[in-house]
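Chains as they are written, first to last, in our numbering: chain A, 11 to 257; chain B, 0 to 410. Built from N, CA and C at the ideal position, the CB exists for glycine as well. Just so you know, these numbers come straight off a predicted model, no measurement behind them.
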C-alpha cells in the first residue's frame, strides 16, 4: 500500500483526559495506518479507547502526544477553524445517537451540510440525489421524530456522505438499532465503500457488524492489541450473507 | 455562510421551544415597553420644559449686545437693532418676536418698597411670545403700545406693595447718567398662580422704560421659532446676519439654571431607563445562556459536522432577531397605548406640584404630555432587536466555542 493511499496515520498516539487531579489515559500509544478504501472496524470493550480514537481521527478532539495525520493534514498543527474546515469538507460522521437536526426534514438535514459547505442552488438537487441513491427518497420530507431509529441512522449516513468525503467515521452506528436495521445500515455503508471508494472507520461491539469489515482493529486499555486484515471470503457482503461472524 | 436551511433551522428551533420563545419575547417586549413609555415621558417632558422656558420670555434665541453674555448688564443696548429685527422678521421659521429692555430698580407705594427688574416691552410682541402674559389672569388690562406712565405688575408684587388698580407707584431706576424716578399708574395686575413669577412681573412699554432711564433702543430681541429642533441651526444663521456688536444666544445661555435642570432630569431618567434595560438585558442574556447550555449537545453535533463558530453565532443571531421582532410587537402592544395615552391625555402634575406651576421663573403647563409619533415604531423595533442581539452576544460566543467531543459526551 503506498503512502499516498494512507488516509489516517497515527504514531504513538496518546490521549489523557484530566478531571481535577484525576488523569484518565484513554489512549496509550496507538500506532495505526488506515488506507483508502478500507472498511475498518474498531472493536474492544467499553473504555478501551474506541470513541477517543475516532474523535481524534475526526479532528473533534486534540492529541495529548504522538503524531496524527489525516488526509495528509497534521492534526496537531491545525487550529479550531482549520479543523472545522477539514471536518466539513473532507470527513463524514455518523453518530451512535443519529444526531439529526430534529427540526429539519431528512432532505434538509442533508442539504444543511451542503449549505455549510457553500454549495449553491443545486444543493437541494444533490441532497435529493443522495437520498435517492441510498433508497431513502420516501423519507425525504419526514422529520427525525417521524422516522424509526434505523431510518434516522440511514439518513445520518446520507448526511455524512452527501459531500462525497474520502473518509467516514462512525461511532457505534448500530448500537441503537435492532439486528435487521443494523444489517441494512452496514450493507448501505459497505455499498458506498464498494461503489464510491469511500473509506469507513467504525467502532462497534456487535459481531454481526464486525463481519462486514475488511479489517478489524482491536483496542484494549488504549492500545492496539490486534489488527487483522481479512480476505474477501471472510467478509460479509450483501451477496454473501452467510459469512461467519468474525471478531 | 448562512442560507435558507439555516433560516428554517433557526425559525423552527424557536417554534420547537414555544414556551421559552414566548417568555423571551414577553421579557424583551415588556422591558422595551418600559423604556418606550419612559422615553415618551422624558421626550414629552423635556419638550414641555423647553417650551415653557422659551415661552416664558427667554425665547428659543435671543439677540443681545455682544458683551451681555459676559456681563449680564441691563444697561447694554443693541447695535442697529432695527436691522437686527429686520433680519429676524425676514425668516420664515420665526413664530414670534419680542423686543425688550430691562432695568433694575425699586417700586415704592406709601412706606412699602420692592426691588424689581422692570421690563420694557412692545405689548403686541410680548403677548405673542410670552406665555406668562398670554396665560395669566389679568385684573385690569395688559399694556398698549401707546401707553404712557402705565405699569403692569404681578399679583404677589401688588400684595407686597399693597396696591390696587389705578394706584400710582414711585419707580426708581438706575438710568443712563444717574438715578431716575417716575410715577407709574397700575393698569393691570397679572396673576399666573405662581408666587415666584407673580412676585417678579413688572412691565412697562419699551418707550416708557427708555424715557425713564434715558437709554435708547432695546437691549434684547427674543425669538420664538416654529420648531425647537432647529435652534442651533437658526442661531448659526442669525449670528452671521445680525449687525456687528450683537450676538445670538440660545435659551440655554439665557436660562442656564433651567437648561441644567432639563439636562439633569433627562440624565436621571435615562439612568433609570438604563438600569431597567440592563436588568432586562441580563434577564434575556441569562435565558439565552440557559438555552445555549441546554442545546450544548446540539451545538456539539453542529460543530462536529464542520459548522464554524461564526455560523453558529449567525444561527443564534437569526433567532435573536426573530425574538427581537416579537419583542417589538409586544413593546408596541404594551408600550404603544400607554405612550399614546400620555401624549393625548397627559398627566396632571398639579397633584404633585400644587397650583404653583413655576420652576426657575418659568411658567410650566399643568398637564404634562408624553411624546408619540412614528418614532415609537422605530424605537420599538430598534431597541428590541438591538437589545436582544446584545443579550445574545455572549451566549452565542459560548455556543460558538463548544468543544464537540466534550459536548457529545453529554447525553
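Item to complete: Consider the Cβ of residue 285 of chain B: report whether some Cβ of chain A lies at a distance smaller than 8 Å.
Response: By one-based count along the second chain, residue 285 of chain B stands at place 286. By this cut-off, residue 285 of chain B is not an interface position.
Fill in: C-alpha distance - residue 217 of chain A paired with residue 404 of chain B, whole-angstrom precision
The residue given as residue 217 of chain A occupies position 207 in the first chain. The residue given as residue 404 of chain B occupies position 405 in the second chain. So the two alpha carbons sit approximately 26 Å from each other.
Practice prompt. Examine the Cβ distances between the stretch 331-346 of chain B and the stretch 5-15 of chain B and report whether three or more of them are shorter than 8 Å.
Written response: The count of Cβ pairs closer than 8 Å, one atom from the stretch 331-346 of chain B and one from the stretch 5-15 of chain B, stays below three, leaving the stretches out of contact.
Worksheet item: Between the stretch 8-28 of chain B and chain A, which residues of the former have a C-beta closer than 8 Å to a C-beta of the latter?
Response: 8, 11, 12, 14 and 15
Discussion item. Does the stretch 361-372 of chain B come into contact with the stretch 314-327 of chain B, if we say contact requires no fewer than three beta-carbon pairs (one atom in each stretch) closer than 8 Å?
Written reply: no
Item to complete: Take every Cβ of the stretch 199-206 of chain A, pair it with every Cβ of the stretch 122-142 of chain A, and state whether three or more of those distances are shorter than 8 Å.
Response: no
Worksheet item: Of all the beta strand (DSSP E) runs that stay within the bounds of the stretch 146-226 of chain B, which reach a length of 3 or more residues?
Response: 149-153, 167-173, 178-190, 201-204 and 219-224
Discussion item. Can you pull the chain B neighbours of residue 70 of chain A, defined as C-beta to C-beta under 7 Å?
Written reply: For the purposes of this step, residue 70 of chain A is taken as residue 60 along the first chain, with counting starting at 1. Within 7 Å Cβ-Cβ: 303, 403 and 404.
Worksheet item: Out of B:380, B:272, B:388 and B:387, which has the shortest C-alpha to C-alpha gap to residue 33 of chain B?
Response: If you number the second chain from 1, residue 33 of chain B lands on position 34. Across the set B:380, B:272, B:388 and B:387, the C-alpha of B:272 shows the shortest separation from the C-alpha of residue 33 of chain B.
Worksheet entry | Cβ-based neighbour list, residue 22 of chain A, same chain, cut-off 8 Å, excluding 5 preceding and 5 following | By one-based count along the first chain, residue 22 of chain A stands at place 12. Correct list, in chain order: 39, 40, 41, 75, 76 and 77.
Worksheet item: Going by the CB atoms, is the gap between residue 60 of chain A and residue 68 of chain A shorter than 8 Å?
Response: Here the question's residue 68 of chain A lines up with position 58 in the first chain. Here the question's residue 60 of chain A lines up with position 50 in the first chain. Cβ atoms of residue 68 of chain A and residue 60 of chain A: not closer than 8 Å.
Discussion item. With a threshold of 8 Å on Cβ separation, who are the neighbours of residue 215 of chain B within its own chain once the five nearest residues in sequence on each side are excluded?
Written reply: By 1-based counting over the second chain, the position of residue 215 of chain B is 216. Result list for residue 215 of chain B: 76 and 209, in chain order.
Discussion item. Tell me the residue span of the beta strand (DSSP E) that contains residue 238 of chain A.
Written reply: Numbered from 1 along the first chain, position 228 holds the residue referred to as residue 238 of chain A. That run of the beta strand (DSSP E) goes 233-239.
Worksheet item: Quick one: is residue 156 of chain A buried, meaning 16 or more other Cβ sit within 10 Å of its Cβ, or exposed?
Response: Indexing the first chain from 1 puts residue 156 of chain A at position 146. Label assigned to residue 156 of chain A: exposed.
Worksheet item: At a CB-CB cut-off below 9 Å, which residues of chain B make contact with residue 95 of chain A?
Response: Start at 1 with the first residue of the first chain, and residue 95 of chain A comes out as number 85. Simply 305 and 307.
Worksheet entry | Where the stretch 169-187 of chain A meets chain B: residues whose CB sits under 7 Å from a CB there | Taking 7 Å as the upper bound on Cβ-Cβ separation, chain B lies near no residue of the stretch 169-187 of chain A.
Practice prompt. Measure the beta-carbon distance from residue 119 of chain A to residue 110 of chain A and round it to whole angstroms, keeping in mind my assumption that it falls under 8 Å.
Written response: Within the first chain, the letter at position 109 stands for residue 119 of chain A. Within the first chain, the letter at position 100 stands for residue 110 of chain A. The Cβ separation is near 5 Å, so the contact holds.
Worksheet item: Looking at the unbroken beta strand (DSSP E) that takes in residue 301 of chain B, where does it start and where does it end?
Response: As a first step, residue 301 of chain B must be located in the second chain, where it is residue number 302. Careful: residue 301 of chain B lies outside any beta strand (DSSP E), inside the alpha helix (DSSP H) at 295-303.
Worksheet item: Any idea if residue 196 of chain A is buried or exposed, counting beta-carbon neighbours within 10 angstroms, 16 or more meaning buried?
Response: If you number the first chain from 1, residue 196 of chain A lands on position 186. Residue 196 of chain A is buried by the Cβ-count criterion.
Worksheet entry | Candidates B:281, B:408 and B:49: closest to residue 393 of chain B by CA position | If you number the second chain from 1, residue 393 of chain B lands on position 394. Ranking the options by Cα distance to residue 393 of chain B, first place goes to B:281.
Discussion item. Cβ closer than 7 Å: which chain A residues qualify as neighbours of residue 2 of chain B?
Written reply: For the purposes of this step, residue 2 of chain B is taken as the residue at position 3 of the second chain. Under the 7 Å cutoff, chain A gives 125.
Worksheet item: Using 8 Å as the Cβ pair cut-off and three pairs as the minimum, do the stretch 151-165 of chain B and the stretch 190-208 of chain B touch?
Response: yes
Practice prompt. Would you mind telling me which residues of chain B sit closer than 8 Å to residue 91 of chain A, beta carbon to beta carbon, in chain order?
Written response: Within the first chain, numbered from 1, the residue matching residue 91 of chain A stands at position 81. Neighbours of residue 91 of chain A on chain B, chain order: 307 and 308.
Worksheet item: For residue 117 of chain B, which of helix, strand or coil comes out of DSSP?
Response: The count along the second chain starts at 1 and reaches residue 117 of chain B at position 118. Looking at residue 117 of chain B - three-state DSSP - the assignment turns out to be strand.
Worksheet item: For residue 300 of chain B and chain A, any beta-carbon pair shorter than 8 Å?
Response: Taking the second chain and counting its residues from 1, one reaches residue 300 of chain B at position 301. At least one chain A Cβ lies under 8 Å of residue 300 of chain B.
Worksheet item: How many Å lie between residue 95 of chain A and residue 181 of chain A at the Cα?
Response: Residue numbering aside, residue 95 of chain A sits at position 85 when the first chain is read from its first letter. Residue numbering aside, residue 181 of chain A sits at position 171 when the first chain is read from its first letter. Each residue's Cα considered, the two are about 20 Å apart.
Discussion item. Beta carbons nearer than 8 Å to chain B: which residues of the stretch 206-222 of chain A have them?
Written reply: none
Fill in: Residues of the stretch 115-146 of chain A whose Cβ lies closer than 7 Å to any Cβ of chain B, in chain order
118, 121, 122, 123, 125, 126 and 128
Worksheet item: Should residue 5 of chain B be flagged as near chain A, meaning a C-beta pair shorter than 8 Å?
Response: Residue numbering aside, residue 5 of chain B sits at position 6 when the second chain is read from its first letter. So, interface residue.
Worksheet item: Are there 16 or more other CB atoms within 10 angstroms of the CB of residue 62 of chain A, so buried, or fewer, so exposed?
Response: Against the first chain, residue 62 of chain A aligns to sequence position 52. Buried is the call here.
Worksheet item: By Cβ distance, which residues of its chain are closer than 7 Å to residue 143 of chain B, with the 5 residues on each side in sequence left out?
Response: For the purposes of this step, residue 143 of chain B is identified with residue 144 of the second chain, where counting begins at 1. Result list for residue 143 of chain B: 122, in chain order.
Item to complete: Counting only the same chain and skipping the five closest in sequence on each side, list residues whose C-beta sits under 6 Å from that of residue 237 of chain A.
Response: To locate residue 237 of chain A, count along the first chain from 1; it is residue 227. These residues qualify, in order along the chain: 227.
Item to complete: Note down, one range per segment and in chain order, each beta strand (DSSP E) of at least 3 residues found wholly within the stretch 36-72 of chain A.
Response: 49-53, all fully within the stretch 36-72 of chain A.
Item to complete: Just the chain B side, please: which residues come within less than 7 Å of residue 111 of chain A by C-beta, in chain order?
Response: The residue labelled residue 111 of chain A in the question sits at position 101 within the first chain. Per Cβ cutoff of 7 Å: 8.
Worksheet item: What three-state label does DSSP hand residue 122 of chain A in the structure shown?
Response: Walking along the first chain from the start, residue 122 of chain A turns up at place 112. Here residue 122 of chain A sits in helix by DSSP.
Worksheet item: Of the residues that make up the stretch 31-56 of chain A, which ones have a beta carbon closer than 9 Å to any beta carbon in chain B?
Response: none
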